[in-house]
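Enquirer:
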Amino acid sequence: MSFLNPAGPVIDLGVNIDHVATLRNARGTAYPDPIRAALLAEQAGADCITLHLREDRRHIKDADVVNLAPQLLTRMNLEAAVTQEMIDFACRIKPADVCLVPEKRTEITTEGGLDVVRFHAEVSKAVKQLQDEGIRVSLFIDADEAQIAAAADVGAPVIELHTGAYADAEGAAQQEELERIKRGVRWGVQHGLKVNAGHGLHYTNVQAIAAIPDIAELNIGHAIVGHAVFVGWENAVREMKAIMVATRLGAR
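This is the structure in structure tokens:
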């Protein structure tokens with residue numbers, strides 16, 4: 001047993017490798033290689049590898065997903081929009097998890113949660129197709145009771161609560177967002193869902209989220225990539241995992 005991998009479940013870290021691919025694509029080179037980043041992240045304590053194949057392929061490319069899938073020792077969490085192209089692609093690759101997310105071509109990063117209430121029929125169809133292929137489905141949603149109930153209604157066993165508003169807020173506003181996330185976690189558990197969280201989390205704001213007992217997994221990317229510039233990739237992953245585990249163990 002190690003501190004990063006204690007006996008029994010504590011809290012999982014999904015390392016998002018999207019922005020390793022962003023760096024690669026900025027110069028049109030073959031490096032830095034997001035696949036190598038994924039494999040090194042596993043060695044450094046990541047519990048899964050998260051990557052978002054966007055419709056405009058701005059960072060992760062189809063070949064990245066195809067080439068990475070057979071090499072992972074943990075599991076792949078593929079983020080994808082609710083489009084037939086993306087659902088069909090995921091069904092060919094068969095990652096362990098697919099997280100359905102909203103997507104706008106003009107946004108820099110995902111700006112909010114998937115509106116499952118509004119797009120109930122489309123999401124339900126996508127969930128069924130993915131589950132028929134043995135893929136576990138997660139829905140990236142806001143900590144809103146109606147959205148969480150809709151997620152359960154379409155049959156998704158997992159939700160990932162959007163923490164972006166919490167990450168962007170300060171002071172009393174951040175505390176209000178934290179309380180909203182805590183309520184969302186409670187609603188998710190009441191609906192029998194596994195509850196994950198992510199977006200905008202970094203080394204000095206992740207603690208309050210990691211301390212919430214019923215959150216099973218945090219997905220973090222940009223902060224780890226940014227910190228790696230100064231401390232190295234594996235150290236950046238280890239530090240984030242250590243913070244999360246220490247916080248969770250201290251909160252028990």
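Position 131 (the sequence shown) corresponds to 131 in the UniProt record's numbering; numbering is contiguous. Idealized CB from N, CA, C, for every residue including glycine. Since the model is a prediction, treat every value here as computed from it, not as a measurement.
Compare the C-alpha of Tyr31 against each of Ala21, Leu39 and Leu40 and name the closest.
Expert: For the residues Ala21, Leu39 and Leu40, the minimum Cα distance to Tyr31 belongs to Ala21.
Enquirer: Quick check on Ala121: buried or exposed, where buried means 16 or more other Cβ atoms within 10 Å of its Cβ?
Expert: With fewer than 16 other Cβ atoms within 10 Å, it is exposed.
Enquirer: Go through its chain and collect everything with a Cβ distance to Val245's Cβ below 6 Å, but skip five positions before and after it.
Expert: If we look at Val245 and ignore the five residues flanking it on each side, its Cβ neighbours are Val10.
Enquirer: Answer yes if the stretch 161 to 170 comes into contact with the stretch 116 to 134, meaning at least three C-beta pairs across the two stretches below 8 Å, and no otherwise.
Expert: Short answer: they don't touch.
Enquirer: What beta strand (DSSP E) runs, 3 residues minimum, are completely inside the stretch 53 to 120?
Expert: 76 to 81 and 97 to 101, all fully within the stretch 53 to 120.
Enquirer: Are Val123 and Ala146 closer than 9 Å when you measure CB to CB?
Expert: In this structure, Ala146 does not lie closer than 9 Å to Val123 by Cβ.
Enquirer: Using only CA atoms, which one of Val66, Asp56 and Val98 lies nearest to Gly14?
Expert: With distances taken between Cα atoms, Gly14 lies closest to Val98.
Enquirer: Please name the residue in Val229, Tyr203, Ala38 and Val206 whose C-alpha comes closest to that of Ile60.
Expert: With distances taken between Cα atoms, Ile60 lies closest to Ala38.
Enquirer: Alpha carbon to alpha carbon, how far is Val237 from Asn67?
Expert: About 22 Å.
Enquirer: How many Å lie between Gly171 and Leu249 at the Cα?
Expert: For Gly171 and Leu249, the distance between alpha carbons rounds to 25 Å.
Enquirer: Just verifying my parser: in three-state terms, what is the DSSP assignment at Arg220?
Expert: The sequence as given places Ile at residue 220; Arg does not occur at that position. Reduced to three states, the DSSP call for Ile220 is strand.
Enquirer: Are Val206 and Leu193 close, meaning C-beta to C-beta below 9 Å?
Expert: Contact: no.
Enquirer: To the nearest angstrom, report how far apart Arg75 and Glu133 are at their CA atoms.
Expert: Approximately 16 Å, taken between the alpha carbons.
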